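Numbering (this note's numbering), first residue to last: 8 to 154. Every residue gets a Cβ at the ideal spot worked out from N, C-alpha and C, and that includes glycine. All of these numbers come straight from a predicted model, not from anything done at the bench.
Shown next, in the form of structure tokens:
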């Protein structure tokens, strides 16, 4: 019984941590709307991929939060306004599933769904400052076994 309570508390803490990180990033992003920057949450391999592709270093912040985001970064992307822009510029660095959430609660639901049904532990989240959609990119866990 105590183990169930510990798991429930741990899940709650992880969920709150994820939501807090995304909320804080959204606040920073809203302050920078005038500079036309979108953000994406990606892992170190995807970060290396987009920096290599663009031959530049992006403004990035390491995510503090749940284990499945422990090696992830919030990266500000200049001049990316829409998901279509993001797809054209950076989609080669992502693979797996893509879904859209219209709120942080929906995003958390999508993440939980992929974690529980497909064992996915690696996520990328794209957020444009020009709409309320969050684009969730996932990759199967077996892909990271080869990295």
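*asked:* With three or more C-beta pairs closer than 8 Å as the rule, is the stretch 129-147 touching the stretch 97-112?
replied: yes
*Along the chain, where does the beta strand (DSSP E) that runs through residue 141 open and close?*
141-146
*residue 92: which of 145, 144, 135, 24 sits nearest, CA to CA?*
135
*If you follow the beta strand (DSSP E) that residue 131 is part of, which residue opens it and which one closes it?*
129-134
*Compute the beta-carbon to beta-carbon distance between residue 83 and residue 101, rounded to the nearest angstrom, for a pair I have assumed lies under 8 Å.*
The pair is not a contact, with the Cβ atoms about 17 Å apart (cut-off 8 Å).
*Please classify residue 65: does DSSP put it in a helix, a strand, or coil?*
coil
*For residue 40, which residues from the same chain have a beta carbon less than 7 Å from its beta carbon, with the 5 sequence-adjacent residues on both sides left out?*
At residue 40 the pLDDT is 47, less than 50, meaning the model places this residue with poor confidence; the figure from the coordinates comes in the next sentence. The answer, listed in chain order, is 136.
*asked:* Quick check on the burial criterion: 16 or more other C-beta atoms within 10 angstroms. Buried or exposed for residue 144?
replied: buried
*Compare the Cα-Cα distances from residue 78 to each of 99, 120, 68 and report the closest residue.*
68
*Where does residue 71 sit, in a helix, a strand or coil, going by DSSP?*
coil
*Smallest Cα separation from residue 94: which of 126, 52, 131, 29?*
131
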